Amino acid sequence: MISLREMAPLKSLEREFAIIDSNFQQFCASHGLFSVGDFLIQDLCVLVALAEQHPTSERLKEGITQVLSIIDSQHQPWFNGMDLLEDAQQNKHILSTGCERIDMFLQGGLREGHVTELVGPSSSYKTQVCLQVASNVAKMGGVVFLDTGNSFSPKRIAQFLISDPAGKESDRKIIQKVLASIVCFSVFDIFTLLDVLHQLKSNLKYQTCGQVRLLIVDSISSLITPVLGGSGSHGHALMISAGSFLKRLAHEHNLAVLVTNHMVGGEGGVLKPALGESWKSIPHVRLQLSREHGSNLCSMCILTHPYMGSGKAVKFSIS
Amino acid sequence: MMEEEEQVEGWIEEEESAKEMLERVLRTRPFLLVPPLHRIPLRLGNVVEVVGPSPSAKTQILIQAAVSCILPKEWNGVNYGGLEHLVIFFDLDCRFDILRLSQSLKRRILEANGLRANPNSDEGDADAFNCNPKKETQVEQDKELFAACMRRFLYVRCYDSSEFLAALKTLHYQHQKQRDTHGVDVDLLMIDSIGAFYWIDRASTSLAVMSNDRKSRSFQSVVESIVQEIRKLLLMHPMLVLATKAASLGDKYSINEAKRNSRKWSSENVLDLRTVKSGPQTLPYREYMPSIWQSFVTHRVLIRASDEDSKHHNCPTYLSEWLLPSLDLQDKFIVTDAGVYTIS
Chain A
1 MISLREMAPL
11 KSLEREFAII
21 DSNFQQFCAS
31 HGLFSVGDFL
41 IQDLCVLVAL
51 AEQHPTSERL
61 KEGITQVLSI
71 IDSQHQPWFN
81 GMDLLEDAQQ
91 NKHILSTGCE
101 RIDMFLQGGL
111 REGHVTELVG
121 PSSSYKTQVC
131 LQVASNVAKM
141 GGVVFLDTGN
151 SFSPKRIAQF
161 LISDPAGKES
171 DRKIIQKVLA
181 SIVCFSVFDI
191 FTLLDVLHQL
201 KSNLKYQTCG
211 QVRLLIVDSI
221 SSLITPVLGG
231 SGSHGHALMI
241 SAGSFLKRLA
251 HEHNLAVLVT
261 NHMVGGEGGV
271 LKPALGESWK
281 SIPHVRLQLS
291 REHGSNLCSM
301 CILTHPYMGS
311 GKAVKFSIS
Chain B
1 MMEEEEQVEG
11 WIEEEESAKE
21 MLERVLRTRP
31 FLLVPPLHRI
41 PLRLGNVVEV
51 VGPSPSAKTQ
61 ILIQAAVSCI
71 LPKEWNGVNY
81 GGLEHLVIFF
91 DLDCRFDILR
101 LSQSLKRRIL
111 EANGLRANPN
121 SDEGDADAFN
131 CNPKKETQVE
141 QDKELFAACM
151 RRFLYVRCYD
161 SSEFLAALKT
171 LHYQHQKQRD
181 THGVDVDLLM
191 IDSIGAFYWI
201 DRASTSLAVM
211 SNDRKSRSFQ
221 SVVESIVQEI
231 RKLLLMHPML
241 VLATKAASLG
251 DKYSINEAKR
261 NSRKWSSENV
271 LDLRTVKSGP
281 QTLPYREYMP
291 SIWQSFVTHR
301 VLIRASDEDS
311 KHHNCPTYLS
321 EWLLPSLDLQ
331 DKFIVTDAGV
341 YTIS
């Protein structure tokens, strides 16, 4: 979580900033300050007052000002509402899911920049929706599919693309093109997930993997639930880190992120999401799926959405 | 004007009744009329915590308060009832959506213009202004007003507590720069949500056992610094602080623990009420912010989705209850694009 720059000792800044000299470092060390990060939890007014008691107070105060300007470069930039709106309108497009009813329901589909969660019991079509969206988005851009339970199926993708199994030559070309746009990784634990996400981020940064539009993690809950539980907070910290990283990827690289969350039996046998209360602060959009018994009719209900009321629902079927 | 002078004199001569004073204070702080904040006369320097489980419309309340703050009081002869001040928004949850703010702002502008808002404007809001049959100059003026309001909304995203602290520590300069650019003050400082880094900072606390003389960074020390920085800022630039906090209400915690917690809280904070009366049962919420934050908070309102399935015009309903100061009344409200409305 802590950037290298922040952890870097003051000494390493000496070459770049002459004012952070050995005298300044000594002064800081005597007050327990060894890195820029240490300054973050230091009351700088108090530090300035302490510096004033020194014979070299002017230089020391200049040094503090220098550190403060380094700190100023360590947060995200400020934007006003017009900047944000421009970014949203130019860079955050809406991706069609390939299912007309879902698109109508979600005002067009999945929005780039958003993390969307599908929550539902087993066989409520979570994976089917993921595969459907993947097959549709892959027609126009790259898709990264992180598969935690061997649920990815090229055959199923092909079925979404072509209704006639006889298969014409042109159909085969479409299937090939779509499958070539989908990169699938098997991920079986959260540490691998974090590795893959970091790798993806650096690939996106250097544009080595084409124009990726969609990232799917099916299912994220199966990676996180094994590390939750117990009395420690590390499991939760890993969960929030992964979620926060997904939001960052979505925003900075204009990806739509789609994750699934399975359901487990709670108190009194009532099903509840495997990732519960603390996870709720992660996704922009939470959609609950449920399937009518014995049919392929499925319903989708909004639990959370930035600009649509919760509780709205739609029925759809996937063939 | 005369009337106002008389009122001031009346106040100096201590002839103002509590009722009159309340009316005066409420009138001078129109933005706080956003439910459920309308119940309490808030002033600059107050720190209001909006606590509730997700989803409970916490961010929506911030957005509606922000819209009221960035809108002008009056513009081109139309009364918009805003404050024409700046809003600073710290997004710690990193899931703020500007489209929600822009939709609400457009809706409010159109409403104040006395024109019926376009019924389709909640779908693809980009052309909401153009859909109305009115003169081109009016459209241009609306766009100009919209842009001016949007520029009064200042936003920073923080992915971890270091970024939050870095932004807070240098906010003073940012604040002055923006005030000089816009020529108006910052009235509202919003934090959504204050507990976002709880788990990560708590976990790194136990990892941060390094050399002895090094300042160890813990959730506790991070929150201490946050409070310290905001406190210093408020001394220099009085603002109203609105912070949301996610909390689970809950079935997960046994009643015994809840009781123990509420006893602990009451001894720490001289506050009796940390439970919500909801008919026969009491719903406690689990407090996780350090006491330094809790004592920094001057007002606290609890919000949750209504248990009842009853929906008001297809909008989910929410309940609010003031915990600090504790008021023995519950507001029921709905959130739409056009604002937050109490319903009886």
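Heads up: the protein sequence lines correspond to chains A and B, in order. Here UniProt numbering is used: position 236 in the first sequence is 236, and no number is missing along the way. Here UniProt numbering is used: position 280 in the second sequence is 280, and no number is missing along the way. C-beta: ideal position from N, C-alpha, C; glycine also. Note that the coordinates shown come from a computational prediction; the quantities given were computed from them, not determined experimentally.
Proximal residues to I220(A) (C-beta, below 7 Å), its chain only, five neighbours per side dropped:
Counted from its first residue, the first sequence places residue 220(A) at position 220. Only V259, T260, N261 meet the Cβ criterion.
Is the shortest distance between the beta-carbon of I194(B) and the beta-carbons of chain A less than 8 Å?
Sequence index remark: in the second sequence, residue 194(B) carries index 194 (1-based). By this cut-off, I194(B) is not an interface position.
Are the CB atoms of D192(B) and F96(B) within a distance shorter than 8 Å?
Locating residue 96(B) in the second sequence gives position 96, where the first residue counts as 1. Locating residue 192(B) in the second sequence gives position 192, where the first residue counts as 1. Yes, the Cβ-Cβ distance between F96(B) and D192(B) is below 8 Å.
Which residues, in chain order, does the segment 62–87 of chain A contribute to contact with chain B at a C-beta distance below 7 Å?
L68, I71, D72, Q74, H75, Q76, W78, F79, N80, G81, M82, L84, L85
I want to verify the contact list: residues of chain B whose CB lies under 9 Å from the CB of residue 325(A), in sequence order.
The question about residue 325(A) has no answer here: the residues shown for chain A are numbered 1 through 319.
Quick check on the DSSP output: the alpha helix (DSSP H) that includes M239(A) runs from which residue to which?
Along the first sequence, read from residue 1 onward, the residue named residue 239(A) stands at position 239. Segment 234–252, the alpha helix (DSSP H) holding M239(A).
What did DSSP end up calling Y285(B) once you bin it into helix, strand or coil?
Looking up residue 285(B) in the second sequence gives position 285. In the three-state reduction of the DSSP assignment, Y285(B) falls in the strand class.
Output, in chain order, the set of chain A residues within a Cβ distance shorter than 7 Å of M150(B).
The residue labelled residue 150(B) in the question sits at position 150 within the second sequence. N80, G81, M82, L85, listed in chain order.
Whose Cβ in chain A lies nearer than 7 Å to the Cβ of L234(B)?
For the purposes of this step, residue 234(B) is taken as residue 234 along the second sequence, with counting starting at 1. Chain A residues near L234(B): none, gap ~14 Å exceeds 7 Å.
Name the two residues that bound the continuous beta strand (DSSP E) containing C298(A).
Sequence index remark: in the first sequence, residue 298(A) carries index 298 (1-based). Where C298(A) is concerned, the enclosing beta strand (DSSP E) stretches over 297–304.
Within chain B, the residues that A237(A) reaches when beta carbons sit closer than 9 Å:
Indexing the first sequence from 1 puts residue 237(A) at position 237. A237(A) reaches chain B at W199, I200, D201, R202, A203, S204, counting residues in chain order whose Cβ is nearer than 9 Å.
So, at 6 Å on beta carbons, what are the nonlocal neighbours of V217(A) in its own chain, with the 5 sequence-adjacent residues on each side left out?
Counting from one through the first sequence, the residue named residue 217(A) turns up at place 217. Cβ within range, chain order: L146, V259.
Using CA atoms only, rank isn't needed, just tell me which of F27(A), P9(A), D43(A) is closest to S35(A).
Numbered from its first residue, the first sequence carries residue 35(A) at position 35. Of F27(A), P9(A), D43(A), the residue nearest in Cα terms is P9(A).
Sort out for me which residues DSSP pairs R157(B) with in a bridge.
Counting from 1 along the second sequence, the entry for residue 157(B) is found at position 157. R157(B) pairs with D91(B).
Exposed or buried, which one is A180(A) when buried takes at least 16 other CB atoms within 10 Å?
Position 180 of the first sequence, counted from the first residue, corresponds to residue 180(A). Result: exposed.
Three or more C-beta pairs under 8 Å: does that hold for the segment 42–55 of chain B against the segment 230–245 of chain B?
In short, these stretches touch, since the Cβ pair count reaches three.
Could you tell me whether any Cβ in chain B is nearer than 8 Å to the Cβ of P273(A)?
The count along the first sequence starts at 1 and reaches residue 273(A) at position 273. Chain B, which has no Cβ nearer than 8 Å to the Cβ of P273(A), makes this no.
Go ahead and label I88(B) buried or exposed: buried means 16 or more other beta carbons lie within 10 angstroms of its beta carbon, across all protein chains shown.
Translated into positions along the second sequence, residue 88(B) becomes position 88. I88(B) should be labelled buried.
For the alpha helix (DSSP H) holding P154(A), just list the boundary residues, first then last.
Locating residue 154(A) in the first sequence gives position 154, counting from the first residue. Start and end: 154–161.
Can you name, in chain order, every residue of its own chain whose Cβ lies under 6 Å from the Cβ of R286(A), other than the five neighbours on each side?
Taking the first residue of the first sequence as position 1, residue 286(A) is located at position 286. Answer for R286(A): E117, L303, T304, listed in chain order.
Residue closest to P273(A), alpha-carbon to alpha-carbon, out of V119(A), V257(A), G294(A)
Within the first sequence, numbered from 1, the residue matching residue 273(A) stands at position 273. Taking only the C-alpha atoms, the option nearest P273(A) is V119(A).
Mapping the DSSP letters down to three states, classify T116(A) as helix, strand or coil.
The residue you call residue 116(A) lines up with position 116 of the first sequence. Residue state for T116(A) is assigned as strand, using DSSP reduced to three classes.
According to DSSP, is Y198(B) part of a helix, a strand, or is it coil?
In the second sequence, counting from the first residue as 1, residue 198(B) sits at position 198. In this structure, Y198(B) counts as helix in the three-state DSSP scheme.
DSSP on A247(B), reduced to helix/strand/coil?
Counting from one through the second sequence, the residue named residue 247(B) turns up at place 247. Three-state DSSP puts A247(B) in coil, outside helix and strand.
Residues in the same chain with beta-carbon distance under 8 Å from N23(A), minus the five sequence neighbours each way, listed in chain order, please.
On the first sequence, position 23 is the one that residue 23(A) refers to. Result list for N23(A): T56, R59, L60, in chain order.
Chain A partners of C315(B), CB-CB under 7 Å?
Within the second sequence, numbered from 1, the residue matching residue 315(B) stands at position 315. Correct list: G309.
Report the partner residues of A338(B) according to the DSSP bridge assignment.
The residue you call residue 338(B) lines up with position 338 of the second sequence. A338(B) pairs with nothing; no bridge assigned.
Cα-Cα separation, L289(A) to S310(A):
By one-based count along the first sequence, residue 289(A) stands at place 289. By one-based count along the first sequence, residue 310(A) stands at place 310. Going by the C-alpha atoms only, they are around 14 Å apart.
Following the continuous beta strand (DSSP E) through residue 328(A), name the residue where it begins and the one where it ends.
The displayed coordinates of chain A run from 1 to 319. Any statement about residue 328(A) would go beyond what the structure contains.
Using DSSP bridges, identify the partner residues of Y318(B).
Taking the first residue of the second sequence as 1, we reach residue 318(B) at position 318. Looking at the DSSP assignment, Y318(B) forms a beta bridge with A305(B), F333(B).
On the premise that I41(A) lies in contact with residue 365(B), defined as a C-beta separation below 8 Å, what is that separation, rounded to the nearest angstrom?
Given a span of 1 to 344 for chain B in the structure shown, any question on residue 365(B) remains unanswerable.
Along the beta strand (DSSP E) that carries residue 337(A), what are the first and last residues, could you check?
Given that chain A is displayed from residue 1 to residue 319, the structure contains no residue 337(A) and the question cannot be resolved.
Touch test, the segment 289–303 of chain B against the segment 49–68 of chain B, Cβ-Cβ under 8 Å, three pairs minimum
yes
Between residue 359(B) and the rest of its own chain, which residues show a CB-CB distance below 8 Å, the 5 nearest in sequence each way excluded?
Lying outside 1 to 344, the shown extent of chain B, residue 359(B) is not represented and no answer is given.
Are there 16 or more other CB atoms within 10 angstroms of the CB of Y206(A), so buried, or fewer, so exposed?
Numbered from its first residue, the first sequence carries residue 206(A) at position 206. The residue in question, Y206(A), is exposed, as its Cβ has fewer than 16 Cβ neighbours within 10 Å.
Where the alpha helix (DSSP H) containing I102(A) begins and where it ends
Walking along the first sequence from the start, residue 102(A) turns up at place 102. Taken as a continuous stretch (DSSP letters only), the alpha helix (DSSP H) holding I102(A) covers 100–105.
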